[in-house]
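All remarks here apply to the structure that follows.
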């Protein structure tokens with residue numbers, strides 16, 4: 014009697030174990046052989062699902078990116094909610110996802126640094142993975158500016174501020190290995206309060 018293999022489950026298991034191994038040893042410290050050993054499978058079996066170590070890494074990034082996109086799109090679909098509430102919810106969702114995926118985040122940074130040391134231009138790859146969330150944040154921010162919810166917001170500066178909060182979370186997670194969620198959410202709330210405030214007129218003007 015032949016054994017029925019759940020290929021999707023096996024593929025996910027290979028992916029999860031490989032990402033954990035990348036997190037322990039770094040991208041360059043992991044070989045295809047080590048991945049096979051960690052999964053308890055022959056290299057030929059692994060090859061049926063992923064042709065290379067790079068394929069495994071890219072699949073992990075794609076999987077997380079898709080999960081993130083689905084979560085963020087649900088927030089964006091709440092068109093009856095105010096721009097303020099959606100902007101806050103979106104920022105908190107990104108922060109939470111970042112904390113949940115800290116291993117892959119660490120692996121991704123290690124991978125980008127290794128490629129940069131090899132002389133590769135990593136900025137394009139980085140932009141490709143971040144352009145989606147930037148567009149969503151910009152869309153909600155512009156909506157709030159146009160409908161009067163954010164009279165104190167200037168589009169470019171405000172986007173830089175929001176993204177700086179996310180970058181701070183990434184830096185602390187990858188360098189320190191931990192992050193204060195409450196402090197980061199408080200930064201988001203403070204930024205949004207600033208967007209809502211009416212700009213103060215300069216008495217020297219006019």
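In this note's numbering, the protein residues as written are 14 to 219. Quick reminder that beta carbons are idealized off the backbone N, C-alpha and C, glycines included. This one's a predicted model, so the numbers in the text were calculated from it and none came from an experiment.
By the 10 Å Cβ neighbour count, where 16 or more other Cβ atoms means buried, how is residue i classified, buried or exposed?
{"i": "residue 195", "result": "exposed"}
{"i": "residue 173", "result": "exposed"}
{"i": "residue 80", "result": "exposed"}
{"i": "residue 161", "result": "exposed"}
{"i": "residue 159", "result": "exposed"}
{"i": "residue 179", "result": "buried"}
{"i": "residue 114", "result": "buried"}
{"i": "residue 111", "result": "buried"}
{"i": "residue 44", "result": "exposed"}
{"i": "residue 139", "result": "exposed"}
{"i": "residue 14", "result": "The pLDDT assigned to residue 14 is 46, lower than 50, so where the model puts this residue is not dependable; a value taken from the coordinates is nonetheless given after this. Classification of residue 14: exposed, given that the 10 Å Cβ count is below 16."}
{"i": "residue 219", "result": "The predicted position of residue 219 is uncertain, since its pLDDT is 49 and thus under 50; a value taken from the coordinates is nonetheless stated next. With fewer than 16 Cβ atoms within 10 Å of its Cβ, residue 219 is classed as exposed."}
{"i": "residue 99", "result": "buried"}
{"i": "residue 108", "result": "buried"}
{"i": "residue 75", "result": "exposed"}
{"i": "residue 121", "result": "buried"}
{"i": "residue 144", "result": "exposed"}
{"i": "residue 136", "result": "exposed"}
{"i": "residue 20", "result": "exposed"}
{"i": "residue 157", "result": "buried"}
{"i": "residue 212", "result": "exposed"}
{"i": "residue 88", "result": "buried"}
Assuming residue i and residue j make a contact with CB atoms under 8 Å, what is their CB distance in whole Å?
{"i": "residue 41", "j": "residue 127", "result": "5 Å"}
{"i": "residue 166", "j": "residue 208", "result": "4 Å"}
{"i": "residue 32", "j": "residue 116", "result": "6 Å"}
{"i": "residue 28", "j": "residue 55", "result": "With 8 Å as the limit, residue 28 and residue 55 do not qualify as a contact, their Cβ atoms being about 17 Å apart."}
{"i": "residue 175", "j": "residue 150", "result": "6 Å"}
{"i": "residue 67", "j": "residue 51", "result": "Actually they do not touch by this definition, with Cβ atoms about 17 Å apart."}
{"i": "residue 78", "j": "residue 142", "result": "7 Å"}
Touch test, the region 18-30 against the region 56-74, Cβ-Cβ under 8 Å, three pairs minimum:
yes
Going residue by residue through the region 28-84, where are the continuous alpha helix (DSSP H) segments of at least 4 residues, counting only ones entirely within it?
Whole alpha helix (DSSP H) segments, 4+ residues: 45-52, 56-62.
Write down every uninterrupted run of the alpha helix (DSSP H) in the region 169-201 whose length is 4 residues or greater and which is fully enclosed by it, in chain order.
none
Counting pairs of Cβ atoms below 8 Å between the region 141-158 and the region 96-107, do you hit three or more?
yes
Could you tell me which whole alpha helix (DSSP H) segments of length 4 or greater appear in the region 109-162?
115-130, 136-159
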